[in-house]
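Residue 184, in our numbering, is where the sequence shown stops; the numbers in between run on with no holes. Cβ atoms here follow ideal geometry from the backbone N, Cα and C, with glycine treated the same way. Since the structure is predicted, the reported quantities are computational estimates derived from the model, not experimental observations. Below: one structure, written as structure tokens.
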Amino acid sequence: RSWLYRAEKIRGIYLLPSNMGSPPDAEPAFRIREANASERPLFTVTAPPEIHSGDALTTTGPLTFLGGALASETSQTVAFLALWRVEALPDRPLSLFGHLLGPDGIVVAGDDGLGISSDQWQLGDLLVQQHRFALPPDAPPGRYTLVTGGYWLDDMARWQGADAPDGAFVIGEITVSTP
């Protein structure tokens, strides 16, 4: 799930799958009736959500990490938003990841993917990527860390940054309690 905010502040319109929900800070514009009589909403967006969390962090990839925020958390799922700025137009396939690291630092859940094709990007665009995953039912209690980053698909090399030599930018932490 991704949303693109144009650098020129052009109003965007999104037609989303019915099970996806709206982009952050979006306003319903109108609904489309499909051939099977179901309806799908169209949303307009004008500005990205306020999720900056400090300084912009340059990466070795085409995007700069601007911050992230927890979007939702239940006893079974967690979701977060990551905000990126397009600094260069990529000439290779890429992806973004969201991982939940257990108390021992090992990945216990993940959500990799890119919701908007990079051929739609323009320099300066802002990309909001939502990562959502299920918490493992047998997850032991403790502090879990949410991280995000990018990597090249052709060689799986993560984009590194001065504050993230392993290519994982910290979004925050959650606490898993005893069921």
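Helix, strand or coil at Gln127 [DSSP, three-state]:
coil
What number of angstroms, rounded off, separates the C-alpha of Gly107 from the C-alpha of Arg97?
31 Å
By how many angstroms is the C-alpha of Val152 removed from the C-alpha of Ala87?
Going by the C-alpha atoms only, they are around 9 Å apart.
Report yes if the CB atom of Thr64 is closer than 7 Å to the CB atom of Trp164, and no otherwise.
yes
Residues bridged to Arg137 [DSSP beta-bridge criterion]
According to DSSP, Arg137 bridges with Ala84.
Here's the rule I'm using: 16 or more other beta-carbon atoms within 10 Å means buried, otherwise exposed. How should Ile111 be labelled?
Exposed: under 16 other Cβ atoms inside 10 Å.
Gly120 - partner residues in DSSP beta bridges:
Gly120 is not bridged to any residue.
Here's a check: name, in chain order, each residue in its chain whose Cβ is nearer than 6 Å to the Cβ of Asp168, leaving out the five neighbours to either side.
Excluding sequence neighbours, Asp168 sits near Leu62.
Would you say Thr79 faces chain C, with C-beta separation under 7 Å as the test?
Within the model displayed, chain C is absent; a lone protein chain is all it includes.
With burial defined as no fewer than 16 other Cβ atoms inside 10 Å of the residue's Cβ, what is the status of Pro22: buried or exposed?
In this prediction, Pro22 scores a pLDDT of 49, lower than 50, which makes its location untrustworthy; the coordinate-derived value is nonetheless stated afterwards. Exposed is the call here.
What span of residues does the beta strand (DSSP E) with Glu78 cover, start to end?
Leu68 to Glu78
Selection from Val133, Ala114 and Val113 that minimises the alpha carbon distance to Ser122:
Val133
Nearest to Gly103 (by Cα), restricted to the options Glu92, Ala93, Leu119 and Pro95:
Of the candidates Glu92, Ala93, Leu119 and Pro95, the one whose C-alpha sits nearest the C-alpha of Gly103 is Leu119.
Taking the continuous beta strand (DSSP E) assigned at Trp164, which residues delimit it?
Trp164 -> no beta strand (DSSP E), and no H or E assigned at all.
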